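Notes follow once the structure below has been shown.
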Amino acid sequence: MIDSLRFKVFIDEETKGVVMQKSIEKKEIKPRPSYMSDLDDFAEVDERKRSYFARPFVLDVSYQLYVSLYKENLYIEFSAPKVIWGSNIFMMYPDKLVDCLNKVKANVEGYYTIILPSIEEWILQRLDICYAWKLPTNEEAEKAIITLSSYDFPRKKKNIIANESVVYHGNPCKVKFYLKQPEYKAHSMGKLKKWTYAYTNAHKMLDACKGILRFEVSMKKKQIKQEFGELDSTCKRLTYEAIETMLKNYLSQLVKSTNFNTIDLSDIYTKLEEKYGKKQAMNLFQFFNTWFCIDKPTEKLNRLLLDKVMCTSTIRKRLDLLKGADIGIITTDKTVNFDLSIPSDIAVNPPTSEVLELLPKFEKPKPKPKHEEVKD
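Under the numbering used here, the residues of the sequence shown are numbered -15 to 360, in order.
Below you can see the structure in the form of structure tokens.
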């Protein structure tokens, strides 16, 4: 549900001075003016880009926050599940948010020896929300990624990485689907091995990621403003109902349907006929058989050909008609069958679950044997 967050915190001049003393300065040199020779010394700092940062350590979960000071404000960025449990394999629901923010506040205050405003006054600058489904195998999760890669998100550039992820880049919002196991292995596994000194523990976490398909939406300030309809949003807006609605809306925009069950391409004609009649249903059915293809290189070629013979507005209109029929997620592989409903019975963890009980039980590192001294 809630993943990464960034907040803006207003602080006074005295607090600002303390933060500056205990942080690392980050500055940039202005570009050399054109009238100056390359031989002349030039090292004028760009005051607009001067900032300070620190990485307070949350000891009990071996996680580092990112705290920065820019101009008059303090910015705190972190992954909410990692603050609570040390990993983001499982979803953190909004009922845990207050405890998470209080823990972050206590760690930052302890690191700098300062007093911060109440968490209810922190202004939301970045919001990452997600949903994760636990499919039976990694192979089925990969097939789900391949199926979803056939869809395009409006006004966003699509980037497909093998059978592991499909990312829709845009500003101020990014949408992506990815397999959790490869992502965990690439970004988090090494840190766990380093901080816990336990190779087996890291592999237990890797095994726990099997079959997890994750849907994530990353929003910056402009998109947050659009979602909540106000300039400055706080943690009070992050309710279960609000996040669930946003996730459903973004997923619906992608698959052109409010039905998140898969349907084989050969079975969509009946639904199209019920909604649009025989003639239009046949035209749409022929179009979708060209637009969707089990072989992705062929699918890409078909779409390039359609772009040449049809105008963009006509293609967009026909794809929008999918939503009117509420068909579902179209697949060209009859062996693919999954349900991405939110909420879901196959969620990686339901709201009522205790994540600490679901996490793998770690083994304490065994002490190294002491070598007996050899007597002469």
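Even for Gly, the Cβ is constructed at its ideal location relative to N, Cα and C. Every value quoted in this text rests on a predicted model; they were computed, and no experiment measured them.
Asked: Answer yes or no: do L235 and I113 have a C-beta to C-beta separation smaller than 8 Å?; Found: no
Asked: Does the stretch 185 to 196 come within contact of the stretch 209 to 227, defined as at least 3 CB pairs closer than 8 Å?; Found: no
Asked: Which stretch, first to last residue, makes up the beta strand (DSSP E) that contains L119?; Found: Note, L119: premise wrong, no beta strand (DSSP E); not H, not E.
Asked: Return helix, strand or coil for A146, following the three-state DSSP convention.; Found: coil
Asked: Would you call the CB atoms of L163 and I196 closer than 8 Å?; Found: yes
Asked: Is any beta-carbon of chain C found at less than 8 Å from that of L324?; Found: Within the model displayed, chain C is absent; a lone protein chain is all it includes.
Asked: Only counting the same chain, and skipping five residues up and downstream in sequence, which positions put a Cβ closer than 7 Å to that of N273?; Found: L249
Asked: Candidates M203, G213, H171, F212: which alpha carbon is nearest Y152's?; Found: M203
Asked: Check whether the stretch 129 to 138 touches the stretch 313 to 325, counting contact only when three or more Cβ pairs, one atom from each stretch, lie closer than 8 Å.; Found: yes
Asked: Is DSSP giving M361 helix, strand or coil here?; Found: The question about residue 361 has no answer, for the chain in this structure spans -15 to 360.
Asked: Assuming contact is defined by CB atoms lying nearer than 8 Å, are Y36 and K10 in contact in what I supplied?; Found: yes
Asked: Less than 7 Å between C-beta atoms, sequence neighbours within five positions excluded: which residues of the same chain meet that for I99?; Found: E93
Asked: Helix, strand or coil for N57, going by three-state DSSP, please let me know.; Found: strand
Asked: So, at 7 Å on beta carbons, what are the nonlocal neighbours of S63 in its own chain, with the 5 sequence-adjacent residues on each side left out?; Found: D(-13), S(-12), N72
Asked: So K259 and G308 are supposed to be a Cβ contact under 8 Å. How far apart are they, rounded?; Found: 6 Å
Asked: Would you mind stating whether L108 and S217 have Cβ atoms separated by less than 8 Å?; Found: yes
Asked: For Q207, which residues of its own chain have a beta-carbon under 7 Å away from its beta-carbon, when the five flanking residues on both sides are left out?; Found: P156, C157
Asked: Quick check on DSSP: helix, strand or coil for V151?; Found: strand
Asked: Check each candidate in L288, L256, I330 and name the one with the smallest Cα separation from R302.; Found: L256
Asked: Just checking my contact of I(-5) with L81 at CB under 8 Å: how many whole Å lie between their CB atoms?; Found: Their Cβ separation, rounded to whole angstroms, is 22 Å, which puts I(-5) and L81 out of contact at 8 Å.
Asked: Mind checking I8: buried by the 16 CB within 10 Å criterion, or exposed?; Found: exposed
Asked: What do you get for T315, buried or exposed, if any count of 16 or more other CB atoms within 10 angstroms of its CB means buried?; Found: buried
Asked: Roughly how far, in whole angstroms, is the beta-carbon of Y96 from the beta-carbon of V3, given that I think they are within contact range, below 8 Å?; Found: 6 Å
Asked: Just verifying my parser: in three-state terms, what is the DSSP assignment at Y95?; Found: helix
Asked: Please list the terminal residues of the continuous alpha helix (DSSP H) segment that includes S102.; Found: Unbroken run through S102: none, as it is neither H nor E.
Asked: Quick one: grab the DSSP three-state call for I130.; Found: helix
Asked: Buried or exposed: F41, going by 16 or more other Cβ atoms within 10 Å of its Cβ?; Found: exposed
Asked: Can you pull the DSSP bridge partners for R(-10)?; Found: E61, R110
Asked: Just checking my contact of S172 with F161 at CB under 8 Å: how many whole Å lie between their CB atoms?; Found: Wrong, their Cβ atoms sit about 18 Å apart, outside the cutoff.
Asked: Could you pull out every residue in the same chain whose Cβ sits closer than 8 Å to the Cβ of L119, ignoring the five residues on either side in sequence?; Found: A125, A128, G195, I196, L197, F322, I330
Asked: Using DSSP with H/G/I as helix, E/B as strand and the rest coil, what is N72?; Found: coil
Asked: Is it right to say M(-15) is buried, meaning 16 or more other beta carbons lie within 10 angstroms of its own, or is it exposed?; Found: buried
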